[in-house]
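To start, the structure under review is shown below, and the notes come after it.
Protein chains: 2
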Amino acid sequence: MSAIPAGGRRERVRAATVQEIKATARRLLAQEGPQAVTLRAIAREMGMTAPGLYRYFPSHEDLWEELCHDTYGAMADALEEALAGIPGDQVELRLLTAARRFRSWAVEHPRDFGLAFGMPLPGLSQVKDLTDPAHLSGMRFALVFTRAFGQLWSARPFPVLQEEEIAPALAEQLRRYRDAMAAAEPGLPDLPLGVVLVFLQAWVQLYGVVTMEVFGHLGFCLTDVQDFFEAQLTSVAAALGITRTLPGPTA
Amino acid sequence: MSAIPAGGRRERVRAATVQEIKATARRLLAQEGPQAVTLRAIAREMGMTAPGLYRYFPSHEDLWEELCHDTYGAMADALEEALAGIPGDQVELRLLTAARRFRSWAVEHPRDFGLAFGMPLPGLSQVKDLTDPAHLSGMRFALVFTRAFGQLWSARPFPVLQEEEIAPALAEQLRRYRDAMAAAEPGLPDLPLGVVLVFLQAWVQLYGVVTMEVFGHLGFCLTDVQDFFEAQLTSVAAALGITRTLPGPTA
DNA sequence: TACCGTTGTTTACGCCGTTTACGTTTGTAC
DNA sequence: GTACAAACGTAAACGGCGTAAACAACGGTA
């Protein structure tokens with residue numbers, strides 16, 4: 004987002020143009036919707052012509068893909084900033100804050116959220132390999148939750164399934180995932196597979212409630228999702244052994 | 004899907020053409036992806052020209068919207084068929100079967116699923132009013148789960164929050180939703196608000212895990228979601244007081 | 001048989017992504 | 001300072017898109 008490009012002046016203005024293209028695309032996305040993010044519209048907004056954009060992106064689809072990856076970075080920024088002021092020993096509050104900020108960011112940036120977490124367009128690369136540098140932003144984002152979760156577990160362990168109680172095929176995948184994360188983040192505690200499973204289940208619930216809200220799929224029953232979200236948080240927290248009354252949202 | 008249109012021959016062939024248009028669109032969607040579902044492509048496949056389609060749909064977007072609504076009907080069909088052979092007194096198995104069929108249908112029809120449950124395009128009407136006849140299919144779909152859930156609660160009640168323990172604003176919305184469903188389905192038992200809350204929370208979890216799988220957002224940690232899905236079902240079932248070993252999937 | 005609504009085509013307009021060929025600017029090496 | 005080459009941006013064009021308008025054919029009915 005605010006990385007200062009290395010190299011000479013030439014590369015600096017080029018990087019600035021790339022940023023302007025992406026910023027313009029993002030503004031069109033937010034204000035007019037995805038179907039308004041055309042190369043011609045972006046160029047028009049920037050006072051140039053569409054083919055000129057091909058000096059910076061090989062195709063419309065590649066621009067989409069980069070916007071998508073950047074979204075994970077923007078979310079990671081928002082989460083890290085929200086956690087910056089919370090002491091490391093308040094493990095419950097840190098996880099809670101991350102979850103609440105995730106929701107608020109999604110509600111504030113619904114189309115960007117859809118870009119990252121909605122149905123991917125055909126041709127967009129799916130995340131299969133965590134070590135792929137193209138998914139560095141996604142990794143950063145994932146690590147925010149992973150770290151907060153690991154710290155909670157270290158400070159206040161809660162009962163989880165034993166490895167033998169988990170279906171072998173699932174245990175194997177959980178193990179691979181845990182080891183990949185451990186390799187990427189040396190500071191992580193060594194988590195039992197049952198904890199990894201609970202982590203993923205909690206993530207599914209957070210994803211579910213936020214995505215349904217942002218995509219409008221809760222409108223059939225709820226007009227204001229705020230309190231339902233808090234109820235969902237309470238129930239997820241219970242699964243993590245957090246039974247004390249949760250600190251309320253910073254409203 | 005298979006409704007026989009009333010009226011004379013003229014209206015019958017017209018209805019048949021509408022069905023052919025939608026079927027062609029759906030085939031293009033499944034085989035080539037959403038960006039391939041253009042009026043010109045549909046017309047080409049049908050051996051006619053694009054403007055002719057305007058005799059049947061006022062715009063491309065309206066066709067999308069109708070496809071979207073039909074998707075709920077197709078899902079309701081699949082769920083009802085899956086439940087048809089299960090005795091009404093096996094309440095846990097019925098709910099479990101509905102959940103599993105929901106996932107399998109989604110995996111088998113990922114793009115159709117995305118049409119109904121992904122990010123809606125701007126301009127597509129959001130479901131706000133359950134009584135709107137345009138959302139009849141959505142209502143049918145929702146009622147499958149609602150009925151199965153209500154029957155489970157009636158047969159084997161489980162502990163839930165008291166009304167006083169639910170945030171008032173949330174309780175009010177739950178009440179409105181419950182009453183709307185009760186009005187649409189006279190046979191439903193009178194559910195406490197806490198049960199409605201648990202129902203929605205269970206639905207969020209089902210939506211979350213299925214949507215993440217179909218949209219490829221579990222690829223970063225899992226290669227085969229089957230066992231994880233079953234683990235998720237087990238944990239949801241526990242929240243519904245189902246502690247007995249779950250009957251395995253019909254594999 | 002005359003007629004009129006329904007159906008479908010033709011043509012056209014303005015978008016779109018993308019390619020090609022062409023100037024123009026700009027940093028660099030002599 | 002000048003020559004050169006790469007980078008940058010434009011103009012023109014192609015095929016495809018959604019859509020509108022005018023027009024032709026068909027079919028049930030009077």
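So the protein lines, in turn, are chains A and B.
Here my numbering is used: the first residue of the first sequence is 4, the next is one more, and so on.
Here my numbering is used: the first residue of the second sequence is 4, the next is one more, and so on.
Note that the Cβ used here is the ideal one computed from N, Cα and C, for glycine as well.
Each of Val-199(A), Ser-140(A) and Ala-145(A) was checked against the Cα of Leu-164(A), and the nearest Cα belongs to Val-199(A). The shortest C-alpha to C-alpha distance from Tyr-59(A) to any of Leu-86(A), Arg-17(A), Pro-195(A) and Gln-38(A) is the one to Arg-17(A).
For Leu-194(A) against Gly-141(A), the beta-carbon gap comes to about 20 Å, at or over 8 Å, which does not count as contact. Counting C-beta atoms within 10 angstroms of its own C-beta, Ala-19(B) has fewer than 16 neighbours from the protein chains shown and is therefore classed as exposed. Scanning its chain for C-beta atoms nearer than 7 Å, with the 5 sequence neighbours on each side dropped, one finds around Ile-245(A) the residues Glu-95, in chain order. Taking 8 Å as the cut-off, the beta carbon of Leu-209(A) is found no closer than this to the beta carbon of Ala-234(B).
DSSP places Met-51(B) in the coil class of the three-state scheme, outside both helix and strand. Taking 8 Å as the CB threshold, Asp-230(B) lines the interface with chain A. Only exposed fits Gln-38(B), as fewer than 16 other CB atoms lie within 10 angstroms of its CB. A distance below 8 Å between beta-carbons, with the five flanking residues on each side excluded, links Thr-27(B) to the following residues of its chain, in chain order: Ile-45, Glu-48 and Met-49.
When CB distances to chain A are screened at a threshold of 7 Å, the residues of the stretch 100–123 of chain B falling below it are Gly-117, Phe-120, Gly-121, Met-122 and Pro-123, in chain order.
Cys-224(A) has its alpha-carbon roughly 8 Å from the corresponding atom of Arg-179(B).
DSSP, read as helix, strand or coil, puts Gly-197(B) in helix. A direct Cα-to-Cα measurement between Asp-182(A) and Glu-35(A) gives close to 42 Å.
If the five residues before and after Pro-171(B) are omitted, its C-beta is found closer than 8 Å to no C-beta atom of its own chain. Residue contact with chain A for Pro-125(B): present (Cβ-Cβ distance below 8 Å to some residue of chain A). Taking a 10 Å sphere around the C-beta of Asp-73(A), we find 16 or more other C-beta atoms and assign the residue as buried. Contact residues of the stretch 172–183 of chain B toward chain A are Ala-172, Leu-173, Gln-176 and Tyr-180 (C-beta to C-beta distance below 7 Å). Between Leu-155(B) and Leu-98(B), the gap from beta carbon to beta carbon is short of 8 Å.
With respect to Ala-79(B), Val-147(B) sits close: the two C-beta atoms are nearer than 8 Å.
Think of a sphere of 9 Å around the beta carbon of Met-215(B): the chain A residues whose beta carbon falls inside it are Phe-120, Trp-206, Val-207, Tyr-210, Gly-211 and Thr-214, in chain order.
For Ser-238(A), the nearest beta carbon of chain B is closer than 8 Å to its own beta carbon. Comparing alpha carbon positions, the residue from Tyr-57(B), Phe-116(B), Glu-83(B) and Leu-82(B) closest to Leu-70(B) is Phe-116(B). As summarised for the stretch 77–137 of chain B, there are no continuous beta strand (DSSP E) elements at least 3 residues long confined to that stretch. Each residue's CA atom was taken as its position, placing Pro-192(B) and Ala-186(B) some 11 Å apart.
Our two residues, Val-239(A) and Leu-249(A), have alpha carbons roughly 11 Å apart in a direct line. Taken through DSSP and simplified to helix, strand or coil, Asp-230(B) comes out as helix. Residue environment for Tyr-75(A): buried (at least 16 other C-beta atoms within 10 angstroms of its C-beta).
Per DSSP, the continuous alpha helix (DSSP H) segment holding Thr-27(A) begins and ends at 12–35.
One alpha carbon belongs to Ala-145(B), the other to Gly-91(A), and they sit about 43 Å apart. For Trp-67(A), the closest C-alpha among the options Arg-114(A), Phe-218(A), Trp-206(A) and Pro-136(A) is that of Arg-114(A). Close to Leu-200(B), with beta-carbon spacing below 7 Å, are these residues of chain A in chain order: Ala-234. The three-state reading of DSSP puts Tyr-59(B) in coil, since its state is none of H, G, I, E or B. At the C-beta level, Val-213(B) and Phe-105(B) come within 8 Å of one another. One thing to note: Gly-219(B) has its Cβ no nearer than 8 Å to the Cβ of Pro-125(A). Using a Cβ-Cβ cut-off of 8 Å, Cys-71(B) is close to nothing in chain A; its nearest Cβ partner there is about 12 Å away.
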